[in-house]
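Peer 1:
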Amino acid sequence: MKDKIVDLIKELASLQESYSLETLTSIFDSKKELFVADVKLPEQYTSFWFILRNIYSELAVWQQLATEQQLETALRVDISSFSAQLKKIKSRLNHITEELLQQKGYLSSSGALFDDYNAYLLSQNPLIATMVPTSPQQQQHVLSNYLKILQEQLTTITLDTARLNLANLILKRKELSIKLKQFNVVVTDSCTDAPLLYDKLKELKDRLMNLKTGIDKAQQELAENISTEDINQEIKNKTNLIEKTKAELLSVDVKISRSELPSDIKVMLQSEYSLAGNKEIFLAEHESHLSWSSSLFNPYSWYSWSTDTEYKNKLSRSQSEFDYLQLLHQKEELATQIQLLTQQLVSAQNLLTTSSTTMRLSNDLTQLQQYTLQLLNEYNPNYKPATLNNVSLLTEIINTVGPLSRQIEETEESLRLLVQLIQINSSILEIRTTNALTDEIDALMPSPEELTQLRLTELARQQDTEVFHEKIKACNTSLASLATIAELMKEQELLRKEKASLETVLKAKKAKLPQTTSPNSFEIKVAPIKHSIQLQIAHLDAAQRTMLTEPEHPLIQEQVVSEKFSKLIAYQNSLTSWNCAIVENRHFFPAQLQDWYQQLYITLQMNVRDDIVCHQACQLLRDIYFELKIAKESKNSPVLTKYQTLCPKPQSTWQSLIALKPGLPLLQEGKKLTEVQHSVLWNHLKKLYQQQQLLNKSHPREGQLLLQAIQNLHQGCLLYEINPKHPALQHLLSSLDDPRYEILQKHRGFHKVYEWMAKLCSFLLDLIKKPQEKSDYRLFCFFKPTKTVQLLQDATIELANYTMSAE
Numbered sequence: 018m019k020d021k022i023v024d025l026i027k028e029l030a031s032l033q034e035s036y037s038l039e040t041l042t043s044i045f046d047s048k049k050e051l052f053v054a055d056v057k058l059p060e061q062y063t064s065f066w067f068i069l070r071n072i073y074s075e076l077a078v079w080q081q082l083a084t085e086q087q088l089e090t091a092l093r094v095d096i097s098s099f100s101a102q103l104k105k106i107k108s109r110l111n112h113i114t115e116e117l118l119q120q121k122g123y124l125s126s127s128g129a130l131f132d133d134y135n136a137y138l139l140s141q142n143p144l145i146a147t148m149v150p151t152s153p154q155q156q157q158h159v160l161s162n163y164l165k166i167l168q169e170q171l172t173t174i175t176l177d178t179a180r181l182n183l184a185n186l187i188l189k190r191k192e193l194s195i196k197l198k199q200f201n202v203v204v205t206d207s208c209t210d211a212p213l214l215y216d217k218l219k220e221l222k223d224r225l226m227n228l229k230t231g232i233d234k235a236q237q238e239l240a241e242n243i244s245t246e247d248i249n250q251e252i253k254n255k256t257n258l259i260e261k262t263k264a265e266l267l268s269v270d271v272k273i274s275r276s277e278l279p280s281d282i283k284v285m286l287q288s289e290y291s292l293a294g295n296k297e298i299f300l301a302e303h304e305s306h307l308s309w310s311s312s313l314f315n316p317y318s319w320y321s322w323s324t325d326t327e328y329k330n331k332l333s334r335s336q337s338e339f340d341y342l343q344l345l346h347q348k349e350e351l352a353t354q355i356q357l358l359t360q361q362l363v364s365a366q367n368l369l370t371t372s373s374t375t376m377r378l379s380n381d382l383t384q385l386q387q388y389t390l391q392l393l394n395e396y397n398p399n400y401k402p403a404t405l406n407n408v409s410l411l412t413e414i415i416n417t418v419g420p421l422s423r424q425i426e427e428t429e430e431s432l433r434l435l436v437q438l439i440q441i442n443s444s445i446l447e448i449r450t451t452n453a454l455t456d457e458i459d460a461l462m463p464s465p466e467e468l469t470q471l472r473l474t475e476l477a478r479q480q481d482t483e484v485f486h487e488k489i490k491a492c493n494t495s496l497a498s499l500a501t502i503a504e505l506m507k508e509q510e511l512l513r514k515e516k517a518s519l520e521t522v523l524k525a526k527k528a529k530l531p532q533t534t535s536p537n538s539f540e541i542k543v544a545p546i547k548h549s550i551q552l553q554i555a556h557l558d559a560a561q562r563t564m565l566t567e568p569e570h571p572l573i574q575e576q577v578v579s580e581k582f583s584k585l586i587a588y589q590n591s592l593t594s595w596n597c598a599i600v601e602n603r604h605f606f607p608a609q610l611q612d613w614y615q616q617l618y619i620t621l622q623m624n625v626r627d628d629i630v631c632h633q634a635c636q637l638l639r640d641i642y643f644e645l646k647i648a649k650e651s652k653n654s655p656v657l658t659k660y661q662t663l664c665p666k667p668q669s670t671w672q673s674l675i676a677l678k679p680g681l682p683l684l685q686e687g688k689k690l691t692e693v694q695h696s697v698l699w700n701h702l703k704k705l706y707q708q709q710q711l712l713n714k715s716h717p718r719e720g721q722l723l724l725q726a727i728q729n730l731h732q733g734c735l736l737y738e739i740n741p742k743h744p745a746l747q748h749l750l751s752s753l754d755d756p757r758y759e760i761l762q763k764h765r766g767f768h769k770v771y772e773w774m775a776k777l778c779s780f781l782l783d784l785i786k787k788p789q790e791k792s793d794y795r796l797f798c799f800f801k802p803t804k805t806v807q808l809l810q811d812a813t814i815e816l817a818n819y820t821m822s823a824e
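The sequence shown runs 18 to 824 under our numbering.
1) Just confirm the distance between the C-beta atoms of L434 and L410, as a whole number of angstroms; I'd bet it's less than 8 Å.
2) Out of S464, I22, D46, S35, point me to the one whose CA is closest to E540's CA.
3) Is the distance from the Cβ of F67 to the Cβ of L557 below 8 Å?
4) Are there three or more Cβ pairs, one per stretch, closer than 8 Å when the segment 140-157 is compared with the segment 172-184?
5) Is the shortest distance between the beta-carbon of L41 and the beta-carbons of chain C less than 8 Å?
6) Mark V436 as exposed unless 16 or more other C-beta atoms lie within 10 angstroms of its C-beta, in which case mark it buried.
7) Just mark T803 as buried or exposed, buried being the case when its beta carbon has 16 or more other beta carbons within 10 Å.
8) With the cut-off set at 8 Å, would you say T412 and A365 are in Cβ contact?
9) Closest to K704 by CA distance: which of L809, I641, N653, L749 is it?
10) How many angstroms separate the CA atom of R639 from the CA atom of H632?
11) Between the Cα of L505 and the Cα atoms of L432, K121, K646, P667, which residue gives the shortest distance?
12) Would a C-beta distance cut-off of 8 Å place I814 and P744 closer than the cut-off?
13) Is it buried or exposed for V600, if we count other Cβ within 10 angstroms and need 16 for buried?
14) Given that a residue counts as buried once 16 or more other Cβ atoms are within 10 Å of its Cβ, and exposed if not, what is N511?
15) Select from L82, T114, E429 the residue whose C-alpha is nearest the C-alpha of K222.
16) Just to confirm my understanding: we take Q668, look at its own chain, exclude 5 residues before and 5 after, and list those with CB closer than 6 Å. What are they?
17) Between the C-alpha atoms of D280 and E302, what's the straight-line distance to the nearest angstrom?
18) Go ahead and pull the three-state DSSP assignment for T374.
19) Taking just the CA atoms, how far does K49 sit from Q81?
20) Using the Cβ count rule (16 or more neighbours within 10 Å means buried), how would you classify N602?
21) Within the same chain, show all residues whose beta-carbon is closer than 7 Å to that of F200, passing over the 5 residues directly before and after it, in chain order.
22) Please go through the same chain and pick out, in chain order, the residues whose beta-carbon is closer than 7 Å to the beta-carbon of L214, but skip the five residues on each side of it.
23) Where does the unbroken alpha helix (DSSP H) through T383 begin, and where does it stop?
24) What is the rounded straight-line gap between the Cα of L530 and the Cα of E89?
25) In angstroms with no decimal places, state the Cα-to-Cα distance between Q708 and E719.
26) Whose CA, out of I187, T172, A525, C664, lies closest to the CA of I439?
27) Which runs of the beta strand (DSSP E) at least 3 residues long sit entirely within the segment 574-654? Give them in chain order.
28) At a cut of 8 Å, does the segment 663-678 reach the segment 737-751 through at least three beta carbon pairs?
29) Considering G294, what are the terminal residues of the alpha helix (DSSP H) in which it resides?
30) How about the segment 548-556 and the segment 605-619: do they share at least three Cβ pairs that are nearer than 8 Å?
31) Threshold first: 4 residues or longer. Then list the alpha helix (DSSP H) segments lying entirely within the segment 124-177, N to C.
32) Suppose you measure from the CA of R377 to the CA of Q387; what does that come to, to the nearest Å?
33) Measure the C-alpha to C-alpha separation of T172 and H486 and round it to an integer number of angstroms.
34) Of the choices K666, P665, E738, whose alpha-carbon is the least far from that of W699?
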């Protein structure tokens, strides 16, 4: 064990300041066997062991403080977190309160809705009982019902408006269809083929535009390749052709006039011919009918021949009628041909004013003529020129440009109308889809009379629609506010419960916090422990070095060592109990006395080896604790300062301070001492007890101090009766010089004048003496001690005299 103690001291001495808890704990944990209950140590190393044990105990306190600091830090983190949550919840609750007030403000317009709903109910049933809802649930129920009614009424009005709009659109569509028919564009009744027609017309327009561009170019090139002679020749040819055609027309007119048909038949045939849309088909049908009537394969013809004697005449008359129709058709064609030739003649004559006397010959005139002929055939597939020359082609192109331009314009107009038609179809589809007006329920389409009525009431319906929309919007707003209020109230209830729970948890956690803590409280508490450990390690190192120079003590029997060690442990435990009480109040120590006390305590631990020194050390620590409590109240401790003056270096002067204390045990609180048998000593003690009771009434501090002195004196008297030669009795007389009893020597009445005069004389005497030789004012002859001190001195001197006589 000796080697382990030495190793531990060396290991501690090798550490550098400041010490860390982890390092010290690790070092002591490696030497745990030194601090077990049944440890056996050499006597000369017990004092070292006590200091090491004290360091070990202080490490435990340090570790406990560190653990408490960690727990407190974690607790403060939890409190901060919970406080933040609580603050957030309170903020949210305040926000919810504001939102509830705002939402309830939105419900201010709900009163008019409730009145309208009640008015509607009364209009349906005058005997029905109405009410004004008060709770949010009732209000939500009423508004939901009223919203359904408003939506149904709005649907009815909207349906009438939709039917009117649908009828107007259908009429507009029919109007557009009629206009398109004028341009030979036929659409179906539903106009579903309008997009397809639009694409075809768009393609036709593009083709016509390209054709017109080509014709314009061909016209320009042909105009540049003709001369006046060509035009004159063309005019002559056209004139001859017109004359010839007119002669043929005249011949046909003669044939028509010479027809033997009755005049009414002629009128009828002329009427039928003029009404025929397609003259060629009309004539073909008559020819087919006539051929079938005279056909040998027609059974009816055979039957008519055998039964009807006039059947032959009828066939002859039918043939005459057909011949007459052919003459009418021939006349119309000749007239049309004359008109066309006349137009070509006029066009050729017009060319004379624009033609040049010199023509610019084309490189390939034949190719130009073929290209022009191709363009004309593309425009009119039935076009077949009588003669192919530049003038005839040019006049044909000139006559084609006008109709082509009109056809392009008509195509563009048709496209515009088709766009409108497609848009109308889209609107019709939207109305049908939105209002469920499908093709299967066209019976909902209004009659002409109903359509007129719908048009007359459209303005009123629009006004009603606006009113219904406003009411529906108000209902939806109120319902949304009610729903929001319900959600907010639900959230508010949950947050209140959470707030109460958090407040309870927070209160419990705050209750666990120390009542008075500063941000650096842990450092404040640990600092003296660190300093104490530092002093003790330094003291151990110095003492261990000193011991190495001393001769080793002879071996002692193990039983004797064990008994001695047990006593030393008891001594140390007594010192430790008083030191713990002092350490708890060490912050009341003046700053200059803290290190001094720690060194004093370490020195006492190292040197207490018998009962008398232990009792003296305990008396000293008890008195320091007593003065420390006084310093707590007065913020000053002159007694402790004087102790430091008497013992400036505890390692070497501790005995001068111990000598002022009696070597008697401290009396436990509440324990009474037995009566002293010696009559003289007992009389002195009784006077002291009486004086203590009087002093304690007006001056409790002095009374308590006197009681401690009396108890020591009382124990000394009892010890004298048992063993007059006991060593502890030697220090009773010197205890009167203890600075702590100076307060008992101060006068409070008239005798304070003598005290003041004695202090003045002592001060004057000190001025002429050496600084280190100070006089005591209490030694002057005219100074009279206080009654308390006088009684205490008399009793102590009396006991000292008896003790000396016993020797």
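All residues carry an ideal CB built from backbone N, CA and C; glycine is no exception. If you're wondering where the values come from, they're calculated on a predicted model, not measured in any experiment.
Peer 2: Once the coordinates are examined:
1) No, L434 and L410 are not in contact; Cβ-Cβ is about 35 Å, not under 8 Å.
2) It is S35 whose Cα lies nearest to the Cα of E540.
3) no
4) no
5) Chain labels in this structure do not include chain C; a single protein chain is all it has.
6) exposed
7) It counts as buried.
8) yes
9) That would be L809, whose Cα lies nearest to the Cα of K704.
10) 10 Å
11) From the listed residues L432, K121, K646, P667, the smallest Cα separation to L505 is found for K121.
12) At a Cβ-Cβ threshold of 8 Å, I814 and P744 do not count as neighbours.
13) buried
14) Contrary to the premise, residue 511 reads as Leu rather than Asn in this sequence. Classification for L511: exposed.
15) E429
16) Only T620 meet the Cβ criterion.
17) Sequence check: residue 280 is Ser here, not Asp. Rounded to whole angstroms, S280 to E302 spans 23 Å at the Cα level.
18) Any reading at T374 needs caution, since the residue's pLDDT is 47, under 50, leaving its predicted position unreliable; the model's value is listed next. Note: T374 maps to coil in three-state DSSP.
19) 18 Å
20) Looking at its Cβ environment, which holds fewer than 16 other Cβ atoms inside 10 Å, N602 is exposed.
21) E427, E430, S431
22) Hits under 7 Å: V202, V204, L435.
23) 382-396
24) Computed Cα separation, rounded: 7 Å.
25) 11 Å
26) I187
27) none
28) yes
29) Premise fails: G294 is in no alpha helix (DSSP H) and is neither H nor E.
30) yes
31) If we require 4 residues or more, the alpha helix (DSSP H) runs fully inside the segment 124-177 come out as 127-141.
32) Low per-residue confidence applies at R377: pLDDT is 49, beneath 50, and the placement is therefore not dependable, though the value from the model is reported in the following sentence. So the two alpha carbons sit approximately 18 Å from each other.
33) 11 Å
34) E738
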